[in-house]
Amino acid sequence: MAAVSLSVSTVKPLGDRIFIKVSASDEKTAGGILLPDTAQEKPQVGEVVQVGPGKHNDDGTRQTPEVSIGDKVLYSKYAGTDIKLGGDEFVLLSEKDILAVVS
Amino acid sequence: MAAVSLSVSTVKPLGDRIFIKVSASDEKTAGGILLPDTAQEKPQVGEVVQVGPGKHNDDGTRQTPEVSIGDKVLYSKYAGTDIKLGGDEFVLLSEKDILAVVS
Amino acid sequence: MAAVSLSVSTVKPLGDRIFIKVSASDEKTAGGILLPDTAQEKPQVGEVVQVGPGKHNDDGTRQTPEVSIGDKVLYSKYAGTDIKLGGDEFVLLSEKDILAVVS
Amino acid sequence: MAAVSLSVSTVKPLGDRIFIKVSASDEKTAGGILLPDTAQEKPQVGEVVQVGPGKHNDDGTRQTPEVSIGDKVLYSKYAGTDIKLGGDEFVLLSEKDILAVVS
Amino acid sequence: MAAVSLSVSTVKPLGDRIFIKVSASDEKTAGGILLPDTAQEKPQVGEVVQVGPGKHNDDGTRQTPEVSIGDKVLYSKYAGTDIKLGGDEFVLLSEKDILAVVS
Amino acid sequence: MAAVSLSVSTVKPLGDRIFIKVSASDEKTAGGILLPDTAQEKPQVGEVVQVGPGKHNDDGTRQTPEVSIGDKVLYSKYAGTDIKLGGDEFVLLSEKDILAVVS
Amino acid sequence: MAAVSLSVSTVKPLGDRIFIKVSASDEKTAGGILLPDTAQEKPQVGEVVQVGPGKHNDDGTRQTPEVSIGDKVLYSKYAGTDIKLGGDEFVLLSEKDILAVVS
């Protein structure tokens, strides 16, 4: 069986998962730019490209995600699963690992 | 007692478990193809071949699985239980360990 | 006090526990036969010989077990408690540790 | 203050605890007799001598225990608290640590 | 600030906590006397001297404690907090760490 | 930015937190005085100086704290966060870490 | 892709997260000033600059945060994620990691 061809539009996250395109970091820029304290604590910025249907509540309903496609978000660098599509880096993580919308 | 003869159609997953045929990996192909970052973080692609009845809710109802037979899915390589049937590789895992539908 | 005489019919599992007779493994057979990948991940096949009344729900009702006496089941080799009766091997485990019905 | 005189009839287990008299093991007997696989996994047989009022449900009601005084039970050798009264061995454990009724 | 003067009557346990006076152990006495198996597993006998108002239920009501002042109780030697008042030893522990009433 | 000036009256604990002034220990006094067994197990006495609004219940209501300003309390020496204001020692801890009211 | 330009006003915390500007510490000042006991236990003072919409309750409603923009708060130095914007230090943490409002 050949490998499945993946593109951003064919990836449908399950449950509360969010699919994020990782933004290139540019830590030398001054003036209102994210300058993480140390590499170990470094939060990561990315753009939401796909959103899952939301977390299942106990009564069968779902909790609508707080983020939408196109949002710039801040998330912990060590959460979720890294994926590469072509030359770009992506991450699939749970919405609870997103710290803030920054756009 | 002789070993039980197993085939895909005779495996009925319990609860929220999903039975997946592991797709061969082809990491050299370019153009929209999954290129995992490192072996350690490598997500795995497979095809759903059997679906359990779904997770039991506290009130006795079940939560319908989000995936169906035939779906291509992305899952963590280290989740679930590996099984071989004939020459093919399969994995039995909980639906929560499936990251996304990719077909 | 003498030891209690045990036979399959006198063992009544409590709660969600299932009593399973372990099937002999025959890993050399080809054609639709279970061929576990490695000893460490090896799932085990057995036959259900006794079924507990089911897990207690919070409201005092019980969750009916998904398996019945006579079912061939796949379970994790490292779940539950091993028991020998005469020359046969058995295992007492929680229903949640049964992966699939395979008959 | 002198030690409290204890006898089986004066021990009233709290909550879901069960008071069990440990049965002597006789591992050499054949024919339907419990022959644990290894010492490490060895389940233990005993007789229920006192039963607590049952586990508290969240709504203040209690969950009636599944075992009664006089039941022969199989339990994990490493659960609960060992107690000696006179020359006999007893164990006080939670009902959830009882695997099966075997009489 | 000087140390607070404590006496049994001025100690009001919070929540599900129970205040217990530790009974002297007398492990040499025969005939219905507690003879713990080993020091490591040794249960402890004591007398309830103060009882908290009970555990808070999720709906704001309280779960009435199962023990009363004056009860002789069996508890795990390693639960709770040891306290000395004058020359006597006491322990403050959660009701769930009391195994049985023994008087 | 200069450091915030803190005084007891300006510290408003959040949720179920309690603000306690640590009492000086005086372990040599006899007669009804707290004499902890060992340094490792030593409970600590203090006086409640501020009380949070109480723990949030799941339905949005709050659970009224069991302690009030002025109460002398016994708490575990290793719970909470130590704070110094001027020359005095304080501790901010969750109400569940308070063992008993002792005044 | 260039790095996202971040400023305090464009950071919208998700869920129960709070965005805090870290106050400079000035541990030498006397008179009602925070003097942490040791570096290891040192609580940190900061000012709330952004507040998330609040924690999701199980029924889909939200729990209104207890803090507001402008509040001076005391929080554990080791909670949350450190962020630098220009020359200032900030921290993004869950409301439950805020110990008290101190202004």
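Protein chains in written order, with the UniProt record's numbering: chain A, 1 to 103; chain B, 1 to 103; chain C, 1 to 103; chain D, 1 to 103; chain E, 1 to 103; chain F, 1 to 103; chain G, 1 to 103.
Think of the CB as a built atom: it goes at the ideal place given N, C-alpha and C, for glycine as much as any other residue.
All of these numbers come straight from a predicted model, not from anything done at the bench.
Excluding residues up to 5 positions away in sequence, Gly54 lie with their Cβ nearer than 7 Å to the Cβ of F:Thr64 in the same chain. Note that the C-beta distance between G:Gln50 and G:Val101 is not below 8 Å. Separation of the CB atoms of G:Val48 and G:Val67 is rounded to 5 Å, and the pair is thereby assigned contact status at 8 Å.
Comparing alpha carbon positions, the residue from A:Arg17, A:His56, A:Lys77, A:Ala24 closest to A:Glu95 is A:Arg17.
Assigned with DSSP and collapsed to three states, F:Ser7 falls in coil, not helix or strand. Judged by DSSP in its simplified three-state form, A:Glu95 adopts helix. Of F:Gly80, F:Ile98, F:Asp97, F:Leu99, the smallest CA-CA separation from F:Phe90 is found for F:Gly80. Counting the other CB atoms within 10 Å of its CB gives C:Gly86 a total below 16, which places it among the exposed residues.
Looking at the DSSP output, A:Ser76 shares a beta bridge with A:Pro43. Within chain B, the residues placing a beta-carbon under 8 Å from that of C:Glu66 are Leu14, Gly15, Pro53, ordered along the chain. The shortest C-alpha to C-alpha distance from B:Leu6 to any of B:Ser23, B:Asp88, B:Leu74 is the one to B:Asp88. Beta-bridge annotation (DSSP): F:Ala100 is paired with E:Pro13, F:Leu74. Residue nearest to F:Ile69 within the set F:Leu92, F:Phe19, F:Gly15 is F:Phe19 (criterion: CA-CA distance). In the three-state reduction of the DSSP assignment, C:Val67 falls in the coil class, being assigned neither a helical nor a strand state. A direct Cα-to-Cα measurement between D:Asp71 and C:Asp97 gives close to 27 Å.
Judged by beta-carbon spacing, A:Pro13 lies beyond the 8 Å limit of A:Leu99, meaning their Cβ atoms are not closer than that value. For the set E:Val22, E:Thr61, E:Val8, the Cα lying nearest the Cα of E:Tyr78 is the one of E:Val22. Linking G:Val8 to C:Val73 through their CA atoms gives a straight-line distance of about 57 Å. With 16 or more other CB atoms across the displayed protein chains lying within 10 angstroms of its CB, A:Gly15 is buried.
The alpha carbon of F:Tyr75 has as its nearest neighbour, out of E:Tyr75, E:Asp82, E:Ser76, the alpha carbon of E:Asp82. Leaving aside the five residues that flank E:Leu92 on each side, the residues in its chain whose CB is nearer than 7 Å to its CB run, in chain order, Pro13, Arg17, Phe19, Gly80, Thr81, Ile83. Rounded to the nearest whole angstrom, the CA to CA distance from D:Asp59 to E:Asn57 is 8 Å.
For F:Gly60, the nearest CB of chain G lies under 8 Å from its own CB, placing it at the interface with that chain. In chain order, Pro53, Gly54, Lys55, His56 place their CB closer than 7 Å to the CB of F:Arg62, counting only its own chain and leaving out the 5 sequence neighbours on each side.
For D:Ser103, same chain residues with a beta-carbon under 7 Å away, outside a window of 5 residues either side, are Asp71, Lys72 in chain order. Thr81, Asp82, Ile83, Lys84, Leu85, Gly86, Glu89, Leu92: these are the residues of the stretch 65–97 of chain G whose beta carbon lies less than 8 Å from some beta carbon of chain A, given in chain order. For F:Leu6, the nearest CB of chain G lies under 8 Å from its own CB, placing it at the interface with that chain.
Beyond the five residues adjoining it in sequence on each side, E:Ala24 comes within less than 8 Å, by CB distance, of no other residue in the same chain.
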